[in-house]
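K.L.:
Right, I'll just put the structure down here and ask away after.
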Amino acid sequence: SLQFVPPYTEDCRTEMYPPRGPTFQSAVTWYTVNLDSPPSKRWTEIITDKKDELVSMVQAIKDLADAFVPSGRLEELIDKALPMMIDTLPYPFNEEMKGIATASGVPLGEVILFNIFYEIFTV
Amino acid sequence: CTSLVAEDPRGNLIHARNLDFGLFLGWDMKNHSWVITEKLKPLVVNVDFRRNNKTVFKSTNFAGYVGMLTGIRPYLFTLTMNERFSLDGGYIGVLEWILGKRDGRWMSFLTRSVLENATSYEEAKKLLSDTKLLAPAYFILGGNQSGEACIITRSRTHSLNPLELDVKQGRWYVLETNYDHWKKPLFLDDRRTPAMKCMNQTTQTNISIKTVYDVLSTKPVLNKLTTYTTLMEVSKGNLESYIRACPNPCMPW
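Below, the structure is given as structure tokens:
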């Protein structure tokens, strides 16, 4: 049973496993990343599969940036300034991000923003 | 986010988490959902990181994100991180970084390095407790022995009030949402109380991957920000993840 007022706390659920029903959206695909590969090549298989979804997610973040700064200056800052810091980021993560930008066609600045979002988001 | 590590009566450790993300980043009125949360769900992947064709660690990731939020070093330790809010936040760390003061670590690159290089619970715990960070965070770490689990509450420079499993004292699980464990959570966002109520109702006798999944499926522990649930058992080297949905009525966070 569920209380129909926030926070909609419900009685402890049981028998939910194996996952199914309205709270289960889908399973998760497995991939292998070979750490012996050059960093810029490691994520190519995953990004090739998930390219459209990554582009769509980055676009949603850009739309958000434009909502905050309609002039588009924030987006310009992301695409121009962030790539300048790529070589200050630790190896091999900087090389892996370059490979992700190449494999997805997403501008490097936006890949970097996605990867440092945790620190940025605390703003 | 809600992360927990529980010890069953046989000393096995179960580590599980809901990853909730996308708060205030755009609300879709039509679908009653968060824009970024829904964009992240299709990016969720499980990754087996291998070297010399052997598994080094496994993780649940967002494709395109090279850091780690959820991972297992099979048979050694398990690690999840939850977001911590503090006025001395990441924007200060980023500013210092831009100004050239670069002695801190980006949170998700630290967790990636720990999963890739640490070879024991104690080593992982030391790295996660002592390394200077750009942003505050909660690290929830499980080991491979009875009693090995802790919540590491991190400011950018210190580890505050580490909380350890203490089965003899009746603490057979540790649970972290997004508030310091020694303070009350924000009343508007109390997921800790319902989660602990359900863990206590389950009891240690009945704790398992299945019943932990039940706890993480109970509203508001499950909410509109929940992208995935991951379940890990270090003794089996097992990690499984599921993309979640929260049917209405459901808390936005």
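So the protein lines, in turn, are chains A and B.
Position 113 of the first sequence, counted from 1, bears residue number 113 in this note's numbering, the numbering being contiguous throughout.
Position 6 of the second sequence, counted from 1, bears residue number 129 in this note's numbering, the numbering being contiguous throughout.
We put the CB at the ideal spot given by N, CA and C, even for glycine.
Leaving aside the five residues before and after B/Met355 along the sequence, list all residues of the same chain whose C-beta is less than 6 Å from its C-beta, in chain order.
P.N.:
Only His138, Ile195, Thr201 and Leu362 meet the Cβ criterion.
K.L.:
Can you give me, in chain order, the residues of the stretch 47-59 of chain A that have a beta carbon less than 7 Å from any beta carbon in chain B?
P.N.:
Result list: Ile47, Lys50, Glu53, Leu54, Ser56 and Met57.
K.L.:
Quick check on this structure: which residue in B/Val170, B/Thr349 and B/Ala241 has the alpha carbon closest to the alpha carbon of A/Val28?
P.N.:
Checking every option, the nearest Cα to that of A/Val28 belongs to B/Val170.
K.L.:
For the putative contact between B/Leu136 and B/Ala272, defined by C-beta atoms under 8 Å, what is the C-beta separation to the nearest angstrom?
P.N.:
Their Cβ separation, rounded to whole angstroms, is 6 Å, which keeps B/Leu136 and B/Ala272 in contact under 8 Å.
K.L.:
Work out the CA separation of B/Thr316 and B/Leu146 for me, nearest whole Å.
P.N.:
Their backbone Cα atoms lie some 21 Å apart in a straight line.
K.L.:
Counting contacts by CB-CB distance shorter than 8 Å, is A/Glu10 in contact with chain B?
P.N.:
Yes, its Cβ sits closer than 8 Å to a Cβ of chain B.
K.L.:
Any idea if B/Leu210 is buried or exposed, counting beta-carbon neighbours within 10 angstroms, 16 or more meaning buried?
P.N.:
Exposed, because fewer than 16 other Cβ atoms sit within 10 Å of the Cβ of B/Leu210.
K.L.:
What are the uninterrupted segments assigned as alpha helix (DSSP H) that are 4 or more residues long and contained completely in the stretch 164-251 of chain B, given in chain order?
P.N.:
Qualifying alpha helix (DSSP H) stretches, in chain order: 213-221 and 230-240.
K.L.:
Within the continuous alpha helix (DSSP H) that includes A/Leu54, where are the two ends?
P.N.:
Thr44 to Phe68 is the extent of the alpha helix (DSSP H) around A/Leu54.
K.L.:
How would you write the range of the alpha helix (DSSP H) that B/Cys321 sits in, first residue to last?
P.N.:
Per DSSP, B/Cys321 belongs to the alpha helix (DSSP H) from Arg315 to Thr325.
K.L.:
Quick test of your reading: B/Tyr296 and B/Val128, contact by CB under 8 Å. State the CB separation rounded to the nearest angstrom.
P.N.:
About 7 Å; that satisfies the 8 Å criterion.
K.L.:
Going by the beta-carbon positions, is the gap between B/Gly227 and B/Leu256 smaller than 8 Å?
P.N.:
Yes.
K.L.:
Rounding to the nearest angstrom, what Cα-Cα distance links A/Met16 and B/Lys333 in this structure?
P.N.:
Spanning the two alpha carbons is a distance of roughly 7 Å.
K.L.:
Using 10 angstroms around the beta-carbon of A/Arg73, count the other beta-carbons present and answer buried if the total reaches 16, otherwise exposed.
P.N.:
Exposed.
K.L.:
Can you list, in chain order, the residues of its chain whose CB lies under 7 Å from that of B/Val168, leaving out five sequence neighbours each side?
P.N.:
Counting only Cβ-Cβ distances below 7 Å, and skipping sequence neighbours, we find Asn184 and Ala186.
K.L.:
At the 8 Å Cβ level, is A/Val69 part of the contact set with chain B, yes or no?
P.N.:
False, the Cβ-Cβ gap to chain B never drops below 8 Å.
K.L.:
For a test of the three-state rule: what should DSSP assign to A/Asn115, helix, strand or coil?
P.N.:
It is helical.
K.L.:
Can the beta-carbon of B/Gly266 be found closer than 8 Å to that of B/Tyr302?
P.N.:
No. Outside cutoff.
K.L.:
CA-CA distance, B/Leu199 and B/Gln268?
P.N.:
Spanning the two alpha carbons is a distance of roughly 9 Å.
K.L.:
Note down, in chain order, every chain B residue with its Cβ under 8 Å from the Cβ of A/Ile144.
P.N.:
Any property of residue 144 of chain A remains undetermined from this structure, which presents chain A solely from 1 to 123.
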